[in-house]
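Report on one structure; see the data block that follows.
Numbering (the numbering used here), first residue to last: 212 to 469.
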């Protein structure tokens, strides 16, 4: 299903997106050496509930997971990259943490992810991973607009990831979003320009470049959910929900507070 939002629903999407951006930034500020992933999940639950929203993850039970997910946010550490299930782990200095949050409020969902380093350590490889996914996300957003095709966005993302030397996995990528978290079209993290669905005003997309340092292969953790790099290398993931408008592409999941 591909949804096209009318102006009233797009306004609700802006509100949901701002909530997602603000929660992620609040959680980033609170994620320090010694913080337990289960505390992050609890804080996310409190902020989502207080805002009158619902997590898209608690009852999430797709075919590839051992569902339902049962938590409010995805927390992936170091070699974990997607669907990181919160568990009893305390963050250490230099850990690379990815927080992926999707909520629905007012009948419209928004989805975003950030990767960052915890504490004072700044391993060069980890910094490069994070910065590359952020640049790829910016390139994908710049390529999105009315009349562009999904392949144009995928190509822009893949060009940045490939030029940085990272293998690209195409099993998981960006997606349409609207009344539900995951919709068509699929937006792979590499592709051919000029191909695929033509973008229209009112379409929401969650664009999410992610990479692993030295492999494109994933393995599933014992929890049945967390996807990790097959080699144990570090990973990073950046995501925004964007709206296609009459004049371009609007980022909906930017935080409203510094």
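In this text, a Cβ means the ideal position worked out from N, Cα and C, and glycines have one as well.
Does DSSP put residue 325 in a helix, in a strand, or in coil?
Of the three classes helix, strand and coil, the one that applies to residue 325 here is strand, per DSSP.
Mind the definition here: the segment 298-312 touches the segment 397-408 only if three or more C-beta pairs lie below 8 Å; say whether that holds.
Contact between the segment 298-312 and the segment 397-408 is absent, because fewer than three Cβ pairs lie under 8 Å.
Mapping DSSP to helix, strand and coil, what is residue 248?
Three-state result, residue 248: helix.
I'd like the span of the alpha helix (DSSP H) that includes residue 449, first residue to last.
Where residue 449 is concerned, there is no enclosing alpha helix (DSSP H), given that its DSSP letter is neither H nor E.
Counting only the same chain and skipping the five closest in sequence on each side, list residues whose C-beta sits under 8 Å from that of residue 252.
Excluding positions up to five away in sequence, the list reads 282, 283, 284, 286, 297.
How would you write the range of the beta strand (DSSP E) that residue 461 sits in, first residue to last?
Unbroken beta strand (DSSP E) run through residue 461: 460-462.
Return the CA-CA distance between residue 290 and residue 445, expressed in angstroms with no decimal places.
Distance between the alpha carbons of residue 290 and residue 445: 4 Å.
State the beta-bridge partners of residue 455 as determined by DSSP.
Answer is 460.
What's the call for residue 338, buried or exposed, on a 16-neighbour Cβ count within 10 Å?
So residue 338 counts as exposed.
Using DSSP bridges, identify the partner residues of residue 301.
Residue 301 is bridged to 247.
Taking the continuous alpha helix (DSSP H) assigned at residue 411, which residues delimit it?
No alpha helix (DSSP H) contains residue 411, which DSSP labels as neither H nor E.
Suppose you measure from the CA of residue 256 to the CA of residue 270; what does that come to, to the nearest Å?
Straight-line Cα distance between these residues: approximately 13 Å.
Quick check: the Cα distance between residue 331 and residue 243, rounded to an integer number of angstroms?
Residue 331 and residue 243: Cα-Cα distance of roughly 10 Å.
Could you give the first and the last residue of the continuous beta strand (DSSP E) run that contains residue 313?
Start and end: 307-316.
Compare the Cα-Cα distances from residue 393 to each of 375, 322, 366 and report the closest residue.
Selected option, being the one with the closest Cα: 322.
If you compare alpha carbons, which of 391, 407, 333, 334 is closest to residue 366?
It is 407 whose Cα lies nearest to the Cα of residue 366.
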